[in-house]
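These notes concern the structure reproduced below.
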């Protein structure tokens, strides 16, 4: 959470000659992070401070003053802290009073306090109060409401005020709401409650408070209020967050309560509130304060020793310094040789639980900037073999060098992107991101479509997980390579796939097999070790598409690269142009030619013109130079075979 | 013979001086000095002469040779400057059609590379996880806000009796638990880089992002080593003049916890409009919480560790100074954008 604190308000508790810039700098290094310092028109400075969730004790003027008091001396700046006044013998704290009849559930509210202030005069607050509230972003309303807001910002404990005369029968029942009960809050919004929210009903059964979040309109202070009830509580933090989030009613009070407040803060808060309201409104508080606090705070201690602290921090810190740092933060320290026992102040009780927490307090005040920096020595862990990062990068490099652009699409997609094996998000942000992808295809097609104005070849690929539902287990996360090509011939596109598979040394075969989304007869599946490793072909939407499973690529049969001595006897190379009948698979023709003689070393398809196909054929014998006659014999065999099998003739 | 030689010389001089073309000059040169050239032939004739004549004529032929060679050479130089063939070296090249790997891939590879050098192994762990690995084992209390429906995506699937609900990992830290359970015993030194999801979307957040998690467990690991490792990263990744600093922060799974800043390269720690008092926020880090070690049966009395988990996008943006107005642009497939990175 972010809070604002004016420097003039901070100075009420913190006496120091440090400039606001210095305070901001040093606090950020050792404590709460001060995001910025802004100068106001009246010469004040306002700190914007980020408060971490564990340090709600610093979410107030006093809390920040307390931190600064501990931190500034480390930078040789004197500072003094004026403590909150928590003792006032003229008031009695009792668990029942005659002016209010209270029933509470202490699972919802661990400390409940309230006091009646009679004969208040509701009017504007003095300028000084108004100005400070405006600086922290609170709109002044009237002296009573302003006083409660003032106390909340000053000491970090929300304070609420009711018009006492609007509480029927002076009776309050603090309970869980029932689903569907409704309440109008001070800001005029009507809420139908989700149920199990903390609420208070009065003697007539109407809800007068959405506890910890905002009071109800029906019991608010107005200009005619005579008697006011000051109300200071500690609520169950989880309940407050639940209600505040589900109603999207994020009041300042709720943001504080949901972090878990210190019950011990209730007393100084109500005393400060009484003092301020009496002063601003001429009212008079009852001397008996109702205070229901069934499980009072029990002092908490943590023990550790200098060796343990040094092990965490990495260097030893003098005992005297340890004592000084901790004391300034409000801890008490008891030494027995090198062992120390630390008494935790109540406002840190939720946060400090183990010796590591003590080490953190010492180290941050000592200053992380003063700790040396050194990479650990020690053994390097054993490597894991067979991870896929290497092949992923290899694939990316090959595809990029072949002109492809890599894209990253989102994993969360809408219903029409997935099949019935998809897993569903329980709390999606919207319909368009309800499922996890079961294929990369549709997002890739969309990636290409975004660039539809482009008339040149577009090739895009993605390597990402798809997620396949499994019964009673996490889904299978299958890493896929997919790509799509537009404005390119089938032969060029297929060439890219072949180059890729060859560069990966994969030993594979291809089989024609129709598939969803592809033109009939225009899809090939790629198999290696009789396992399907991928597919490619022409989609019905005109794109060329391919996809491979990375795992299957890794586990496929590999071509073992061996050194071959350079040919002693050069091959004879010749071009043969054949007239091929319609509906003949050129793939079959090439395979058949290869099988005719072992002297046929290689065959490649060159130009195609109408139904004339020019093949380049390499004839080779490793033991000798082939004579023209020998080549002629093989050629004649090829021609004879092609004629009988496919009806192919040589172009004359 | 002597006269023939002189005539030949004069003829050649006249011929050469009229030439204005390199090819012609070459023809004349071959006519004189080629295998069957006129001068070459003269040399061949020498053998028929008496010793005296041989000496006399030999000297003359050499003189003629030198003169004509010089003349041809100088003519050639002249012609070179005048009559060379036209060629335009300024014409644009035909560039090879390379594609581009995505900027996130580039960032991941650079990050992985830095940590590899100091012994970190890259790992990959599930993106769809059980609560236990993402939260409970990482010391998140039952009612922690990160575990509720407003911040984390949950999967519509039955809960596991052992591990709780199924979710999309909101951070790479779930890999800490996976890695400890896999390795069983320290030393552990891993870098886990993965897709993560958080329930938020605006100009500076996309619900999908990438995180990299450094995780070390061994005997005698302290804040000193965390600082050392992050310093090494900052200097290698951002530049040798850069420094890091740690500030107090809070995470459930580390104690102490830190916010890590890197010094601003624009103002060099003096403070400028691009940074906060000379520093830029990198992300979180901390010493592994003893409860986290315990949850994986590693004895916190014997071993300690540190961890840090930062956004890949954010970290790379800080390095590249791309100044993207909207982080969502990173996930656009528009070639006009992809080609820029």
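Chains as they are written, first to last, in this note's numbering: chain S, 1 to 652; chain L, 1001 to 1341.
Just so it is clear, CB atoms sit at the ideal spot from N, CA and C, and this is done for glycine as well.
Just so you know, these numbers come straight off a predicted model, no measurement behind them.
Ignoring anything shorter than 3 residues, give me the beta strand (DSSP E) runs that lie fully in the stretch 183-228 of chain S, in order along the chain.
Fully enclosed beta strand (DSSP E) runs of 3 or longer: 190-192, 198-201, 207-210.
Taking Cβ positions, are residue 151 of chain S and residue 228 of chain S nearer each other than 7 Å?
Going by C-beta atoms, residue 151 of chain S is not nearer than 7 Å to residue 228 of chain S.
Check whether the Cβ of residue 563 of chain S lies closer than 7 Å to any Cβ atom in chain L.
For residue 563 of chain S, the answer is no, since every Cβ of chain L falls outside 7 Å of its Cβ.
Could you name the residues of chain S that residue 1216 of chain L contacts, counting a contact when the two beta carbons are closer than 7 Å?
Those are 376, listed as they occur along chain S.
According to the neighbour-count rule (16 or more other Cβ atoms, all chains shown, within 10 Å of its Cβ), is residue 21 of chain S buried or exposed?
Exposed: under 16 other Cβ atoms inside 10 Å.
For the alpha helix (DSSP H) containing residue 305 of chain S, list its first residue and its last residue.
Where residue 305 of chain S is concerned, there is no enclosing alpha helix (DSSP H), although the beta strand (DSSP E) it sits in stretches over 300-305.
I need the straight-line Cα distance from residue 1233 of chain L to residue 573 of chain S, nearest angstrom please.
Distance between the alpha carbons of residue 1233 of chain L and residue 573 of chain S: 57 Å.
Would the stretch 391-401 of chain S and the stretch 372-382 of chain S be scored as touching if the rule is three or more Cβ pairs under 8 Å?
No, they do not touch.
According to DSSP, simplified to helix, strand and coil, what is residue 340 of chain S?
Residue 340 of chain S: strand per DSSP, three-state reduction.
Compare the C-alpha of residue 27 of chain S against each of S:367, S:236, S:107, S:204 and name the closest.
Answer by Cα proximity: S:367.
Just curious, the alpha helix (DSSP H) that residue 555 of chain S is in, first and last residue?
550-555 is the span of the alpha helix (DSSP H), which, as asked, contains residue 555 of chain S.
At the level of alpha carbons, what is the spacing between residue 159 of chain S and residue 462 of chain S?
Roughly 56 Å separates the two Cα atoms.
Taking the straight line between their C-alpha atoms, what separation do you get for residue 41 of chain S and residue 101 of chain S?
The straight-line gap from Cα to Cα measures roughly 48 Å.
Sort S:452, S:473, S:498 by Cα distance to residue 1160 of chain L and report the nearest one.
Closest option to residue 1160 of chain L, Cα to Cα, is S:473.
Using Cβ-Cβ distances below 8 Å, what residues of the stretch 1298-1329 of chain L are close to chain S?
From the stretch 1298-1329 of chain L, only 1304 have a Cβ closer than 8 Å to chain S.
Can you pull the chain S residues whose beta carbon is under 7 Å from the beta carbon of residue 1221 of chain L, in chain order?
Within 7 Å Cβ-Cβ: 376.
At what residues does the alpha helix (DSSP H) containing residue 632 of chain S begin and finish?
Segment 628-646, the alpha helix (DSSP H) holding residue 632 of chain S.
Using the rule of at least 16 other Cβ atoms within 10 Å of the residue's Cβ for burial, across every protein chain shown, is residue 491 of chain S buried or exposed?
Its Cβ having fewer than 16 others within 10 Å, residue 491 of chain S is exposed.
Step through the CB atoms of chain S and report whether any lies within less than 7 Å of the CB of residue 1232 of chain L.
Closer than 7 Å: yes.
Where does residue 1171 of chain L land, buried or exposed, given buried means 16+ other C-beta within 10 angstroms?
When all chains shown are included, residue 1171 of chain L counts as buried.
Count the C-beta pairs between the stretch 1300-1315 of chain L and the stretch 1211-1228 of chain L that are closer than 8 Å, then say yes if the count reaches three, no if not.
Yes: the two stretches touch, three or more of their Cβ pairs being nearer than 8 Å.
Suppose the cutoff is 6 Å on Cβ atoms and the five residues either side in sequence are ignored; what does the same chain contact list for residue 303 of chain S look like?
Answer for residue 303 of chain S: 341, listed in chain order.
The beta strand (DSSP E) spanning residue 101 of chain S covers which residue range?
Where residue 101 of chain S is concerned, the enclosing beta strand (DSSP E) stretches over 101-103.
Taking only beta-carbon atoms, is residue 1162 of chain L less than 7 Å away from chain C?
No chain C appears in the structure shown, which is made up of the protein chains S and L.
Could you tell me whether any Cβ in chain L is nearer than 7 Å to the Cβ of residue 403 of chain S?
Yes, contact with chain L.
For a quick check, are the C-beta atoms of residue 213 of chain S and residue 254 of chain S less than 7 Å apart?
Closer than 7 Å, so yes.
Figure out for me which residue from L:1025, L:1147, L:1326 has the closest Cα to the Cα of residue 1071 of chain L.
The option with the nearest alpha carbon to residue 1071 of chain L is L:1025.
With which residues is residue 6 of chain S paired in a DSSP beta bridge?
In DSSP, residue 6 of chain S forms a bridge with S:46.
Where does residue 1151 of chain L fall in DSSP's three states?
It is coil, neither helix nor strand.
Touch check for the stretch 1151-1160 of chain L and the stretch 235-255 of chain S: three-plus C-beta pairs under 8 Å?
Too few Cβ pairs lie closer than 8 Å, so no.
Can you tell which of S:200, S:7, S:605 has the C-alpha that lies nearest to the C-alpha of residue 184 of chain S?
Nearest option by C-alpha distance: S:200.
Please classify residue 1093 of chain L as buried or exposed, where buried requires at least 16 neighbouring CB atoms within 10 angstroms.
Result: exposed.
What does the Cβ neighbour count give for residue 1014 of chain L, buried or exposed, with the cut at 16 atoms within 10 Å?
Residue 1014 of chain L is exposed by the Cβ-count criterion.
Between L:1086, L:1251, L:1038, which has its C-alpha nearest residue 1061 of chain L's C-alpha?
For residue 1061 of chain L, the nearest C-alpha among the options comes from L:1038.
Pull up the distance between the alpha-carbon of residue 286 of chain S and that of residue 141 of chain S, whole angstroms please.
Approximately 24 Å between the Cα atoms of the pair.
Quick check on DSSP: helix, strand or coil for residue 30 of chain S?
Looking at residue 30 of chain S - three-state DSSP - the assignment turns out to be helix.
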